[in-house]
Structures are given as C-alpha cells and as structure tokens.
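Structure, as structure tokens:
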Amino acid sequence: MSIALLLEQLLNGLQLGVMLFLMAAGLTLIFGVMGLINLAHGSLYMVGAFACAAVAAATGSFWIGLAASLVAAAAAGAIIEVTVIRRLYDRDHLDQVLATFALILIFSEGTRWMFGSFPLYLDIPPLLQGAVPLPGGGQYQLYRLAIIGVGVVVALGLYVLISRTRLGMRIRAGESDREMIAALGVDIRTLYTVVFALGAALAGLAGALVGALQSVQVGMGEPALILAFVVIVIGGIGSIKGALFGAVLVGVVDTMGRFLLPKVLALMIPAAQAGPIGAALASMLIYIVMALILAFRPSGLFATQS
Amino acid sequence: MTNAPLMTRETVINTLLALLLLAIPLGASAMGEPFYITLATRIAILALAAVGLNIALGLGGLVSFGHAAFFGLGGYAAGILATHAFDGVPLFAGIPGTASMPIIWLVAVVVCGLIALPIGAISLRTTGVYFIMITLAFAQMIYYFAVSWPAYGGEDGLSIYVRNEFPGVNTAQPLSYFLICYVVLMAALGLFWLLRGSRFGAALQAARQNATRLAAVGIAPFNVRLVAFAVSAMVTGLAGALFADLNKFVSPSMLSWHMSGELIVLIILGGKGRLFGPVAGAMLYVLIEYALGGITERWQFFLGLILLGVVLFARGGLLGLLAGKARHG
Chain E
510 MSIALLLEQL LNGLQLGVML FLMAAGLTLI FGVMGLINLA HGSLYMVGAF
560 ACAAVAAATG SFWIGLAASL VAAAAAGAII EVTVIRRLYD RDHLDQVLAT
610 FALILIFSEG TRWMFGSFPL YLDIPPLLQG AVPLPGGGQY QLYRLAIIGV
660 GVVVALGLYV LISRTRLGMR IRAGESDREM IAALGVDIRT LYTVVFALGA
710 ALAGLAGALV GALQSVQVGM GEPALILAFV VIVIGGIGSI KGALFGAVLV
760 GVVDTMGRFL LPKVLALMIP AAQAGPIGAA LASMLIYIVM ALILAFRPSG
810 LFATQS
Chain V
8 MTNAPLMTRE TVINTLLALL LLAIPLGASA MGEPFYITLA TRIAILALAA
58 VGLNIALGLG GLVSFGHAAF FGLGGYAAGI LATHAFDGVP LFAGIPGTAS
108 MPIIWLVAVV VCGLIALPIG AISLRTTGVY FIMITLAFAQ MIYYFAVSWP
158 AYGGEDGLSI YVRNEFPGVN TAQPLSYFLI CYVVLMAALG LFWLLRGSRF
208 GAALQAARQN ATRLAAVGIA PFNVRLVAFA VSAMVTGLAG ALFADLNKFV
258 SPSMLSWHMS GELIVLIILG GKGRLFGPVA GAMLYVLIEY ALGGITERWQ
308 FFLGLILLGV VLFARGGLLG LLAGKARHG
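For the record, the sequence lines run as chains E and V. The letter at position 208 of the first sequence is residue 717 when you use this note's numbering, and the numbering goes up by one with no holes. The letter at position 164 of the second sequence is residue 171 when you use this note's numbering, and the numbering goes up by one with no holes.
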C-alpha cells in the first residue's frame with residue numbers, strides 16, 4: 510500500500526463528501542427554515558442528473574446540460590413546493606414523511622415513463638478529462654478534483670449568502686421566528702419557495718456532477734438521500750456548518766473504511782474471510798459512527814437549539 | 008362510557024373486515040382460484056407486520072422508519088434455518104437448522120426483540136425527525152450488511168426450496184397456509200387490543216400525549232417506549248418469517264427502506280392507532296396494487312397520487328372515513 514494510493518482514496522472520500530454536502534446543505538436548510546423533512550430531495554438529485562444527461566446529449570455540451578440541471582431541479586422544487594410541500598409545513602413529521610414518500614413514487618415512475626428503464630450516460634467534458642499527478646507518483650482524475658473545487662465554492666457561496674446578504678438575513682430570521690418576520694412585512698410564502706428551490710438546485714447540481722461518474726438512472730437519488738440524512742443527523746439538523754463537517758466525515762470514513770478494513774482484517778484472520786467480512790463491516794461503518802455520535806450527542810455535533 | 012352501545016360502529020366494521028378477509032380465500036378456494044388465496048395471504052401478512060408497527064407508531068407515537076429491518080430479519084431467520092435444515096449442515100456449534108414453523112417463529116421473534124433493544128435504546132434518546140432518520144439509518148445498516156454478506160445469497164437473496172412445516176397442517180396447500188397466517192394475525196390483533204387496554208398501554212399513550220406528565224406520576228417514558236419498540240419489532244419480525252415462507256424466498260429487498268415506507272403507508276391508509284387500521288390499510292394497498300397493476304405498468308405513479316391525496320385530504324384513513332373519528336386522541 511503506497512502513499513499515493515492512500516492519498517487517492519482520501520481524495521475520493523473528499524469528493525464523496527462534497528457531493529453529500531451539496532445534498533445535505535439543501536436538506537438541512539429546508540429543515541431549519543421550514544421544519545420540513547423532505548424525502549423527495551433524492552428525486553430532485555435525480556431530476557438534475559437526467560436533465561443534464563438529456564440536454565448534454567441533445568446539444569453536445571456538458572456545460573449547457575449543467576445549467577439545465579440547475580434550472581430543472583429548481584423548477585421541479587418550486588413546483589412541488591407550491592403544489593404539495595406548502596400544505597405540509599404545519600403537519601406533523603409523519604405526514605411529511607408520507608407525502609414526500611408519495612412524491613418519490615411519482616418522480617421515479619414519472620422519470621421511467623419519460624426516459625425508459627435504461628440508464629443514460631453522461632461524458633466528462635473535454636476540458637476536465639485527463640488526470641493530474643499526485644505527490645508520491647500517483648495520478649488523479651481531474652474531474653473529481655473539479656467536483657471538490659465546486660464543493661468548496663458552493664460552501665463559501667452559501668456562507669456569504671446566509672451571513673452577508675439580505676436574503677440570508679431573512680432566511681436566518683425565518684429560522685428563529687417565522688411569525689415575527691412575517692409580521693415585519695416579509696412575504697414568507699415566497700421566501701419558503703425560494704429556499705426550497707435553492708435546496709433543490711443544489712441537489713440537482715450534485716446529481717449532474719455525479720452523473721458523469723456513474724450511470725444516470727431511476728433510483729440513483731435514494732442512496733444519496735439516505736447518506737445525506739446520516740450527514741445532517743451527525744452534523745445537527747439545521748446547521749450548514751454541521752452539514753459540511755458531517756459530509757466530509759461520512760465521505761472519508763466510508764471510502765477509507767472500504768479501502769482499509771479488508772486490509773486491516775487480513776492481518777488478523779485468513780485473507781479469504783477478511784475480504785467479505787471487511788466489506789460487510791465497511792458498508793456498516795458510517796452507521797456505526799452515527800450511532801456512536803448520537804449516543805453521546807443526541808442532537809448532533811453542531812445542533813442549533815430549536 | 009356507561010351508556011356505550013354494545014357494538015360501536017367501529018366494532019361492526021372491524022368484524023366485517025375480519026370476515027371479509029376470511030371469505031375471500033374461502034370463496035376463491037371453492038371456485039378453484041388459488042391466485043386470490045395468495046393475494047389474501049399477502050394481505051394478512053402485511054397487515055400483521057403493520058399491526059406490529061402500529062404498537063410503536065399508533066400507540067406510542069414513535070415514527071419508526073426502519074421497521075423493514077425487523078421484517079427482513081424475521082424473513083432471514085426463516086430462510087437461514089430452512090436452508091440449514093435442507094442441506095443438513097449445522098448452523099454453528101453443532102446446532103442444526105429446522106423446518107418447523109413454530110421454532111422458526113420463536114427464533115425470529117427472539118432475534119428481533121434482542122436486536123430491537125439496542126437499536127431502540129440508542130434511537131429513543133432522540134425525538135422527532137432525529138428518531139425517524141436514525142431508525143432509517145439502522146435499517147440501512149442491516150440492509151447493507153445483508154447485501155454484502157455472501158454466505159446467504161447476498162444481493163441475490165436466498166430461496167427456501169420447500170415451505171416449512173407446521174405440525175398437523177399441510178402448509179404447501181395455499182388455503183391451509185392462509186389459515187395459519189390468518190390465525191396469527193387475529194392473535195396479534197388480540198395482543199394489540201389487550202396492550203391498548205392495559206396499564207402499560209395507558210402509559211404508552213400517555214408518553215405520546217405528554218411525556219412530562221407521565222414522568223411526573225413516576226413512570227419513566229423511556230422504559231415504556233423501549234418495551235413498546237421491542238414488542239412492535241417482534242410482531243413485525245414474525246410477519247417477516249411468514250412472508251419468507253409465502254414467497255419461499257428472502258432477499259435484501261425485505262430490509263429496504265421502501266419496505267419501511269410501505270409499512271407506514273399501510274397504517275396511514277387504514278387509520279393510525281386503530282385496532283383494524285393495518286388490516287384495512289393492507290386490504291386497500293394490495294387491492295390498489297392489484298387493480299392498478301392490471302391496468303398500467305406505471306401503477307406506482309398512481310399509487311403515489313392516491314397516497315398524496317390521502318395524506319393531504321383524508322387524514323383519518325379508510326377507518327376514519329367508515330367509522331368516524333378515533334375515540335383516542
């Protein structure tokens with residue numbers, strides 16, 4: 510096991526973490542501001558990926574596809590907010606879970622209806638093809654580095670948006686006291702739609718970026734959604750800082766666990782058993798980490814009091 | 008409650024539902040349509056799983072989004088024991104497998120109870136959305152374990168070649184197997200009814216309505232909820248063992264989060280916290296699935312629309328429509 514290989518896996522973990530952050534930031538924002546648990550967030554991720562793949566195939570340009578994914582996911586988000594989600598804000602979490610579960614069925618089957626059951630493929634744009642050398646002699650895919658870069662930019666952008674702009678001020682006010690901000694004359698319904706569409710656009714961006722690394726298919730959003738849940742539970746629901754920390758933690762722990770656990774076990778037990786046991790344990794690792802964190806900090810690491 | 012009529016409207020409807028569920032397979036058997044017997048068995052088993060969840064969700068207000076874990080564990084208990092019995096290979100330490108349903112059920116129930124205790128103990132430290140997500144995460148953990156553990160089929164699942172045996176009954180015959188499942192379902196409904204009326208049930212419902220008051224009278228809400236969570240998991244696990252025998256097949260899909268969602272859907276369709284809510288819900292769900300599945304390949308799309316309609320506009324579920332509002336708040 511060389512240093513280059515280890516570094517490569519670490520970067521893979523970081524890239525997964527960044528993707529999870531894009532998902533988790535929207536989820537946690539929507540929960541923090543509107544108090545809504547949105548299972549259909551994974552469907553918005555899928556919408557982004559399909560929009561990017563379809564538009565890129567039609568126009569031949571990944572970049573137009575990427576823009577289309579943002580627009581499509583934000584539009585889909587705004588539409589479901591206005592038609593369905595808006596009615597759920599004062600319902601209990603059970604109703605929210607069920608209604609958004611129903612939305613998943615509608616989105617998944619609807620997408621299968623429009624695009625068929627076969628996966629679509631999305632190529633990495635020519636500008637980002639190729640690899641860059643790593644210290645220690647390895648090579649690393651430029652595209653994955655670019656995803657990490659996008660994550661850093663989005664994290665900075667969100668920070669500036671929330672802490673420095675008027676919209677961000679309203680979002681923070683909505684988090685702490687929604688009656689008061691409505692009384693001050695802010696159109697809270699529009700604010701909610703904007704926040705939901707913003708979260709949706711981030712999910713769509715994540716879907717489009719990942720779409721070039723794996724096939725674009727129905728159901729792709731669900732594993733990402735569940736990992737994003739783990740992320741925001743670890744980080745503390747409602748906290749963007751927690752989402753960033755949790756996402757990187759989950760991404761790195763998951764990737765390194767899959768890489769290292771079989772090797773570590775092979776030192777203790779015969780290699781033929783170490784492989785499957787290590788793989789099985791690695792797939793459970795992040796959930797074990799989550800359980801441990803919640804056992805000591807039941808409302809996550811960066812919990813905002815509510 | 009001194010002037011309560013002998014039979015409330017809800018009791019009448021419950022009796023009718025129980026009789027209807029019994030009448031479908033009997034009629035189907037008389038007409039030589041075994042497919043409908045299987046459909047009714049599916050309803051009975053899904054209803055049983057949902058009766059289990061209804062203890063935690065309906066009575067205790069604990070929205071577990073991970074009950075597929077117990078459904079699947081029960082299924083794997085049946086599958087693994089049956090496989091070892093079929094191959095004649097001991098399970099471990101010389102303990103043989105078995106094809107006897109009562110023993111399999113016992114193992115499924117005990118395993119689910121033992122696994123539900125630590126999961127519940129950690130999850131119940133949290134409330135609200137955290138509880139929903141952490142139960143989901145634990146179920147996913149078991150799901151991924153089943154997918155990546157190759158010994159019992161991994162992702163491909165595990166076949167049960169011959170349906171397990173029940174003393175004195177030919178389980179291979181569809182109607183006999185339905186009757187076994189029906190009796191178990193009725194027993195579980197009896198358990199739910201006893202539990203709801205007991206001191207324990209009163210404490211559990213009080214924990215849902217106002218945990219602080221319950222603590223003030225000297226009962227720890229945590230303990231009550233933990234026991235309810237474990238009992239709930241055990242009933243759902245039993246349903247899993249029956250489901251595995253119905254399909255003669257177990258796979259990780261029984262553990263998937265879609266299954267957890269479906270179980271919640273069954274309860275909400277029927278009526279949350281009501282005795283026959285899960286039965287009404289399972290009948291409606293399987294009926295929708297069968298009727299829509301006959302018309303269009305895209306039946307899940309319309310199922311989603313129906314569900315959305317129920318959540319937004321018919322909050323009491325089917326029993327709420329038929330029997331009026333629930334008496335218990």
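Quick reminder that beta carbons are idealized off the backbone N, C-alpha and C, glycines included.
Segment contact: the stretch 19-26 of chain V against the stretch 757-765 of chain E, fewer than three CB-CB distances shorter than 8 Å; contact not assigned. In the structure shown, V759/E falls within a helical segment according to DSSP collapsed to helix, strand and coil.
Contact of G268/V with chain E by beta-carbon distance below 7 Å involves F610.
Of the residues A533/E, V663/E, F540/E and G755/E, the one whose Cα lies closest to the Cα of S685/E is F540/E. Contacts between H602/E and chain V, judged by CB atoms closer than 7 Å, involve V70, G135, V136 and I139 in chain order. Using a Cβ-Cβ cut-off of 8 Å, P285/V does not count as an interface residue toward chain E, since no Cβ of chain E sits closer than that to its own. In the three-state reduction of the DSSP assignment, V96/V falls in the coil class, being assigned neither a helical nor a strand state. By a beta-carbon distance limit of 8 Å, I797/E does not contact L810/E. Their separation comes to about 16 Å.
Of all residues in the stretch 307-327 of chain V, only Q307, F308, F309, L310, G311, L312, I313, L314, L315, G316, V317, V318, L319 and R322 place a beta-carbon less than 9 Å from a beta-carbon of chain E. With respect to the 8 Å criterion, I102/V and A289/V are not classified as neighbours on the basis of their beta carbons. Counting along the chain, Y184/V sits inside the alpha helix (DSSP H) bounded by residues P181 to G204.
Chain-order list of chain E residues neighbouring M290/V: empty, with the shortest C-beta distance near 18 Å, by a criterion of under 8 Å. Under the 8 Å criterion on CB atoms, M148/V is classed as interfacial with respect to chain E. The beta carbon of V293/V lies closer than 8 Å to those of L46, R49, I50 and L53 in the same chain, with the five residues before and after it left out. Secondary structure note for A640/E: its beta strand (DSSP E) is the uninterrupted segment A640 to P642. Cβ neighbours of V695/E within its own chain (closer than 6 Å, five residues either side excluded): R679. DSSP places Y43/V inside the alpha helix (DSSP H), whose first and last residues are P41 to N61. For the pair A106/V and A123/V, the CB atoms are not nearer than the 8 Å cut-off. Here the C-alpha atom of A209/V lies approximately 7 Å from the C-alpha atom of R203/V. Against chain V, the CB of V556/E has no partner CB under 8 Å away; the residue lies outside that interface. Of all residues in the stretch 784-801 of chain E, only P785, A788, A789, S792, M793, Y796, M799 and A800 place a beta-carbon less than 7 Å from a beta-carbon of chain V.
Between G677/E and A710/E, the alpha-carbon positions lie close to 16 Å from each other. For P157/V, the chain E residues whose Cβ falls inside 8 Å of its Cβ are P785, in order along the chain.
Among the bridge pairs identified by DSSP, I102/V is matched with F99/V. Residue contact with chain V for L614/E: present (Cβ-Cβ distance below 8 Å to some residue of chain V).
Beyond the five residues adjoining it in sequence on each side, T142/V comes within less than 6 Å, by CB distance, of S71, F72, G73 and S130 in the same chain, given in chain order. In the DSSP assignment, Y159/V falls outside any alpha helix (DSSP H) and carries neither an H nor an E. With contact defined as three or more Cβ pairs closer than 8 Å, the stretch 588-595 of chain E and the stretch 715-728 of chain E are not in contact.
Separation of M623/E and I615/E (C-alpha to C-alpha, rounded to the nearest whole angstrom) is 12 Å.
Here DSSP, grouped into helix, strand and coil, assigns L548/E to coil. Rounded to whole angstroms, the separation of the alpha carbons of I786/E and F308/V is 39 Å. When Cβ-Cβ separations below 8 Å define contact, I129/V makes contact with chain E. Residue ranges of uninterrupted alpha helix (DSSP H) with 4 or more members, entirely inside the stretch 674-733 of chain E and ordered along the chain, are 675-685, 687-692 and 697-720. Nearest to A298/V by C-alpha distance, out of Y43/V, G197/V and G175/V, is Y43/V.
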